[in-house]
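According to the numbering used here, the sequence shown holds residues 1 to 184 in order.
Even for Gly, the Cβ is constructed at its ideal location relative to N, Cα and C.
This report refers to the structure that appears directly beneath it.
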Amino acid sequence: MIPVGYMYKKVVIKPDWLQAANAVDVYSLSNCISHGFADYINYWEHNGYWLFDSPAIIEALAAAENIDLSDTTLFYYEAYEYEYIEETDTWATFAPEPSCVTEVQIPAHKHLEGFDVTTFSGHVEPECSPLSCNALAADISVNQHCLFNTFIEAKEAIERGFFKNSEPGPYRIFAVYTLTFAET
(Lines of atoms letter the chains of each structure in order from A and count residues from 1; the text may use other names and numbers.)
(Lines give C-alpha, C1' and ligand atoms only; values in the text may rest on other atoms or scores of the structure.)
Protein backbone atom coordinates (compact mmCIF):
# COMPACT_ATOMS: atom_id res chain seq x y z
CA MET A 1 0.00 0.00 0.00
CA ILE A 2 1.21 3.50 -0.80
CA PRO A 3 0.41 6.61 1.25
CA VAL A 4 -1.90 8.89 -0.73
CA GLY A 5 -3.11 11.49 1.74
CA TYR A 6 -5.59 12.96 4.17
CA MET A 7 -9.10 14.36 4.11
CA TYR A 8 -11.48 15.85 6.63
CA LYS A 9 -14.96 14.53 5.87
CA LYS A 10 -18.49 15.05 7.15
CA VAL A 11 -19.47 11.48 7.97
CA VAL A 12 -23.10 10.68 7.26
CA ILE A 13 -25.26 8.09 9.00
CA LYS A 14 -26.26 5.35 6.54
CA PRO A 15 -29.15 6.63 4.39
CA ASP A 16 -32.41 4.65 4.59
CA TRP A 17 -32.15 3.64 0.92
CA LEU A 18 -28.81 1.89 1.56
CA GLN A 19 -29.91 -1.57 2.65
CA ALA A 20 -26.54 -2.74 4.03
CA ALA A 21 -27.28 -4.82 7.11
CA ASN A 22 -24.12 -4.07 9.12
CA ALA A 23 -23.54 -0.47 8.02
CA VAL A 24 -24.20 2.33 10.49
CA ASP A 25 -22.43 5.18 8.68
CA VAL A 26 -20.44 5.77 5.48
CA TYR A 27 -16.64 6.18 5.54
CA SER A 28 -16.17 6.01 1.76
CA LEU A 29 -13.39 7.94 0.04
CA SER A 30 -15.79 9.39 -2.52
CA ASN A 31 -17.86 12.49 -1.83
CA CYS A 32 -21.15 11.00 -3.00
CA ILE A 33 -22.56 10.50 0.52
CA SER A 34 -20.02 11.62 3.14
CA HIS A 35 -18.64 14.85 1.72
CA GLY A 36 -15.22 16.39 2.10
CA PHE A 37 -14.80 19.48 4.28
CA ALA A 38 -15.16 21.83 1.27
CA ASP A 39 -15.00 22.04 -2.50
CA TYR A 40 -11.25 21.92 -2.00
CA ILE A 41 -10.03 21.42 -5.57
CA ASN A 42 -10.57 25.11 -6.34
CA TYR A 43 -7.86 26.01 -3.80
CA TRP A 44 -5.16 23.87 -5.48
CA GLU A 45 -3.56 22.82 -2.19
CA HIS A 46 -4.13 19.10 -2.82
CA ASN A 47 -1.48 16.60 -3.84
CA GLY A 48 -1.23 14.45 -6.96
CA TYR A 49 -3.72 11.94 -5.55
CA TRP A 50 -6.20 14.80 -5.06
CA LEU A 51 -5.95 14.48 -1.29
CA PHE A 52 -3.69 16.38 1.12
CA ASP A 53 -0.12 15.65 2.21
CA SER A 54 -0.83 16.48 5.86
CA PRO A 55 -3.67 17.50 8.17
CA ALA A 56 -1.86 20.82 8.74
CA ILE A 57 -2.37 21.81 5.09
CA ILE A 58 -6.12 21.26 5.40
CA GLU A 59 -6.27 23.04 8.75
CA ALA A 60 -4.39 26.08 7.38
CA LEU A 61 -6.69 26.19 4.35
CA ALA A 62 -9.77 25.90 6.56
CA ALA A 63 -8.53 28.70 8.83
CA ALA A 64 -7.74 30.99 5.89
CA GLU A 65 -11.14 30.38 4.30
CA ASN A 66 -13.18 30.34 7.54
CA ILE A 67 -14.20 26.70 7.03
CA ASP A 68 -15.40 25.00 10.20
CA LEU A 69 -13.86 21.55 10.71
CA SER A 70 -15.58 20.85 14.03
CA ASP A 71 -18.19 18.50 12.54
CA THR A 72 -15.70 16.53 10.44
CA THR A 73 -13.63 13.38 10.87
CA LEU A 74 -9.98 13.21 9.88
CA PHE A 75 -9.14 10.35 7.50
CA TYR A 76 -5.83 9.05 6.19
CA TYR A 77 -5.68 6.85 3.10
CA GLU A 78 -3.30 4.35 1.58
CA ALA A 79 -3.86 2.80 -1.84
CA TYR A 80 -3.05 -0.54 -3.39
CA GLU A 81 -0.38 0.24 -5.95
CA TYR A 82 -2.44 -1.17 -8.83
CA GLU A 83 -5.79 -0.23 -10.34
CA TYR A 84 -8.12 -2.74 -11.96
CA ILE A 85 -8.90 -2.23 -15.64
CA GLU A 86 -12.31 -3.79 -16.21
CA GLU A 87 -12.09 -3.99 -20.01
CA THR A 88 -8.99 -6.19 -19.93
CA ASP A 89 -9.45 -7.81 -16.50
CA THR A 90 -5.93 -6.76 -15.53
CA TRP A 91 -4.18 -4.80 -12.80
CA ALA A 92 -2.02 -1.86 -13.89
CA THR A 93 0.14 0.63 -12.03
CA PHE A 94 -0.92 4.25 -11.59
CA ALA A 95 0.85 7.38 -10.43
CA PRO A 96 -0.07 10.71 -8.89
CA GLU A 97 -0.79 13.70 -11.13
CA PRO A 98 2.76 14.93 -11.88
CA SER A 99 1.86 18.63 -11.91
CA CYS A 100 1.00 18.48 -8.17
CA VAL A 101 3.60 18.06 -5.44
CA THR A 102 3.02 14.82 -3.53
CA GLU A 103 4.87 14.39 -0.23
CA VAL A 104 2.47 12.56 2.07
CA GLN A 105 3.42 12.63 5.75
CA ILE A 106 2.74 9.21 7.26
CA PRO A 107 0.96 9.49 10.63
CA ALA A 108 2.59 8.06 13.74
CA HIS A 109 -0.70 6.44 14.80
CA LYS A 110 -3.67 5.44 12.68
CA HIS A 111 -6.74 3.26 13.15
CA LEU A 112 -7.72 1.00 10.24
CA GLU A 113 -11.47 1.19 9.60
CA GLY A 114 -11.64 -0.99 6.48
CA PHE A 115 -11.11 -0.95 2.71
CA ASP A 116 -12.98 0.99 0.06
CA VAL A 117 -13.14 0.46 -3.70
CA THR A 118 -13.31 3.74 -5.60
CA THR A 119 -13.66 4.54 -9.30
CA PHE A 120 -11.25 6.70 -11.28
CA SER A 121 -12.63 6.93 -14.83
CA GLY A 122 -11.01 10.37 -15.17
CA HIS A 123 -7.77 8.92 -13.74
CA VAL A 124 -7.11 11.77 -11.29
CA GLU A 125 -9.62 12.37 -8.48
CA PRO A 126 -11.71 9.83 -6.55
CA GLU A 127 -15.16 9.56 -8.09
CA CYS A 128 -17.61 6.97 -6.77
CA SER A 129 -17.45 4.30 -4.09
CA PRO A 130 -19.93 1.76 -5.48
CA LEU A 131 -20.43 0.00 -2.13
CA SER A 132 -22.28 3.09 -0.93
CA CYS A 133 -22.94 5.25 -4.03
CA ASN A 134 -24.55 2.39 -5.95
CA ALA A 135 -25.84 0.57 -2.85
CA LEU A 136 -23.82 -2.54 -3.69
CA ALA A 137 -23.21 -3.00 0.05
CA ALA A 138 -26.72 -4.49 0.16
CA ASP A 139 -25.38 -7.51 -1.75
CA ILE A 140 -22.06 -8.16 0.01
CA SER A 141 -20.70 -8.21 3.54
CA VAL A 142 -19.48 -4.82 4.79
CA ASN A 143 -18.57 -3.48 8.22
CA GLN A 144 -20.30 -0.74 10.22
CA HIS A 145 -18.65 1.93 8.05
CA CYS A 146 -19.84 0.44 4.73
CA LEU A 147 -16.31 -0.79 3.95
CA PHE A 148 -14.77 -4.18 3.35
CA ASN A 149 -13.08 -5.58 6.46
CA THR A 150 -10.01 -6.84 4.59
CA PHE A 151 -7.96 -6.02 1.54
CA ILE A 152 -8.49 -9.58 0.25
CA GLU A 153 -12.30 -9.14 0.36
CA ALA A 154 -12.03 -5.95 -1.71
CA LYS A 155 -9.61 -7.42 -4.25
CA GLU A 156 -11.59 -10.63 -4.70
CA ALA A 157 -14.85 -8.70 -5.17
CA ILE A 158 -13.23 -6.67 -7.95
CA GLU A 159 -11.69 -9.69 -9.65
CA ARG A 160 -14.91 -11.70 -9.67
CA GLY A 161 -16.78 -8.81 -11.33
CA PHE A 162 -18.89 -7.67 -8.38
CA PHE A 163 -18.54 -4.01 -9.43
CA LYS A 164 -19.35 -4.52 -13.12
CA ASN A 165 -22.25 -2.38 -14.31
CA SER A 166 -22.04 -0.03 -11.33
CA GLU A 167 -19.72 2.85 -12.23
CA PRO A 168 -16.99 2.95 -14.88
CA GLY A 169 -13.51 2.05 -13.63
CA PRO A 170 -10.69 1.70 -13.27
CA TYR A 171 -11.14 0.63 -9.66
CA ARG A 172 -8.65 1.34 -6.89
CA ILE A 173 -8.53 -0.17 -3.40
CA PHE A 174 -7.97 2.13 -0.42
CA ALA A 175 -7.17 1.40 3.19
CA VAL A 176 -9.29 3.85 5.19
CA TYR A 177 -7.89 5.05 8.52
CA THR A 178 -9.19 7.49 11.10
CA LEU A 179 -7.00 9.75 13.20
CA THR A 180 -7.61 11.98 16.16
CA PHE A 181 -6.13 15.44 16.48
CA ALA A 182 -3.67 14.06 19.07
CA GLU A 183 -2.38 11.50 16.55
CA THR A 184 -1.45 13.94 13.79
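{"Asked": "Residues bridged to Tyr-160 (per DSSP)", "Found": "It is worth fixing the name first, because residue 160 is Arg in this sequence and not Tyr. For Arg-160, which the question treats as bridged, DSSP gives no partner whatsoever."}
{"Asked": "Bridge partner(s) assigned by DSSP for Val-55", "Found": "Reading off the sequence, residue 55 comes out as Pro, not Val. The partner list for Pro-55 (beta bridge, DSSP) is empty, contrary to what the question assumes."}
{"Asked": "Candidates Leu-18, Tyr-77, Pro-15, Asp-68: closest to Thr-118 by CA position", "Found": "Tyr-77"}
{"Asked": "Closer than 6 angstroms: Trp-91 CB and nearest the ligand GDP heavy atom", "Found": "Questions concerning the ligand GDP fall outside what the structure shown contains, since it holds no ligand whatsoever."}
{"Asked": "Start-to-end residues for the alpha helix (DSSP H) that takes in Pro-3", "Found": "Where Pro-3 is concerned, there is no enclosing alpha helix (DSSP H), although the beta strand (DSSP E) it sits in stretches over 2-10."}
{"Asked": "Alpha helix (DSSP H) runs contained entirely in the region 121-159, provided each spans 4 or more residues", "Found": "130-133, 151-159"}
{"Asked": "Residues bridged to Glu-78 (per DSSP)", "Found": "Pro-3, Ala-175"}
{"Asked": "CA-to-CA distance, Ala-21 to Ile-41, given in whole angstroms", "Found": "34 angstroms"}
{"Asked": "Validate contact between the region 78-85 and the region 131-139 using beta carbons, cut 8 angstroms, 3 pairs", "Found": "no"}
{"Asked": "Same chain, Cβ closer than 6 angstroms to Asn-47, five either side skipped, listed in chain order", "Found": "Gly-5, Asp-53, Cys-100, Thr-102"}
{"Asked": "For Pro-41, three-class secondary structure by DSSP", "Found": "Per the sequence shown, residue 41 should be read as Ile rather than Pro. Helix."}
{"Asked": "Chain-order list of residues whose beta-carbon lies under 6 angstroms from that of Pro-96 (same chain, five-residue window excluded)", "Found": "Gly-48, Tyr-49, Thr-102"}
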